[in-house]
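Residue numbers (our numbering): 1423 to 1629. Beta carbons are placed, not taken as given, at the ideal position from N, Cα and C, and that holds for glycine. Since this is a predicted model, take the numbers as computed values, not measurements.
Okay, here's the thing in structure tokens:
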């Protein structure tokens, strides 16, 4: 009987240990600073998007006689107006292009050298609201029709990637090519390129 009791106690303790261990393996969530640089997978992430956008927009104004300064001199100091057009993902992985476009717009606005107008999708929603106001809003609060600001330049581009893999190691290169086009003449006022290169090594499997 004593032997059986000891065996039962051991089984109970073992079961309690299993419960404690399984309880300790639950999901853990830690809040982070959004600006903190964390790279888990080596794939394109929010840091790549933000840093690439900042670098590209800085480069558009890098020349001492940049297109923006030329435009301002020719138009009495008025800043040029830019629209960020399509950015095509030609890479081998999913890249949230809309987030990258927003980063480009933010960087342009932060420069203070240009004005930025809404995209085609955004304009459609704004126009619908403006039209609705003509029928339903008080006359002194209606947004006026026909005075939208037209863009002078459109920024367009592509994101491509090249990957080299061997065993547990891989190197991935992201290449972002951007072009600024004059909307009146179709002239390419500026072209630029930004590259991001990452080395990723997976840990060895432990059996």
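**Prompt:** When the Cα atoms are used, what is the spatial distance from residue 1460 to residue 1592?
**Reply:** To locate residue 1460, count along the chain shown from 1; it is residue 38. To locate residue 1592, count along the chain shown from 1; it is residue 170. Residue 1460 and residue 1592: Cα-Cα distance of roughly 18 Å.
**Asked** Mind checking residue 1497: buried by the 16 CB within 10 Å criterion, or exposed?
**Response** Here residue 1497 refers to the residue found at position 75 when the chain shown is read from its first residue. Looking at its Cβ environment, which holds fewer than 16 other Cβ atoms inside 10 Å, residue 1497 is exposed.
**Request:** Give me the Cα-Cα distance between residue 1570 and residue 1625, rounded to the nearest whole angstrom.
**Result:** The sequence position of residue 1570 within the chain shown is 148, counting from 1. The sequence position of residue 1625 within the chain shown is 203, counting from 1. Taking the CA atoms as reference points, residue 1570 sits about 55 Å from residue 1625.
**Prompt:** Who pairs with residue 1588 in a beta bridge, going by DSSP?
**Reply:** Translated into positions along the chain shown, residue 1588 becomes position 166. Residue 1588 is bridged by DSSP to 1591.
**Request:** Take every Cβ of the segment 1596 to 1607, pair it with every Cβ of the segment 1471 to 1487, and state whether three or more of those distances are shorter than 8 Å.
**Result:** These segments touch.
**Asked** Taking residue 1615 as the reference, which of 1532, 1579, 1486 has the closest Cα?
**Response** As a position in the chain shown, residue 1615 is number 193, starting the count at 1. Ranking the options by Cα distance to residue 1615, first place goes to 1579.
**Prompt:** Which residues in the same chain have their Cβ closer than 6 Å to the Cβ of residue 1537, if we skip the five residues on either side of it in sequence?
**Reply:** Here residue 1537 is taken as the residue at index 115 of the chain shown, counted from 1. Cβ contact annotation for residue 1537 (same chain, cutoff 6 Å, sequence separation greater than five): 1501, 1503, in chain order.
**Prompt:** When DSSP labels each residue in this structure, what does residue 1526 get in the three-state scheme?
**Reply:** On the chain shown, position 104 is the one that residue 1526 refers to. Residue 1526: helix per DSSP, three-state reduction.
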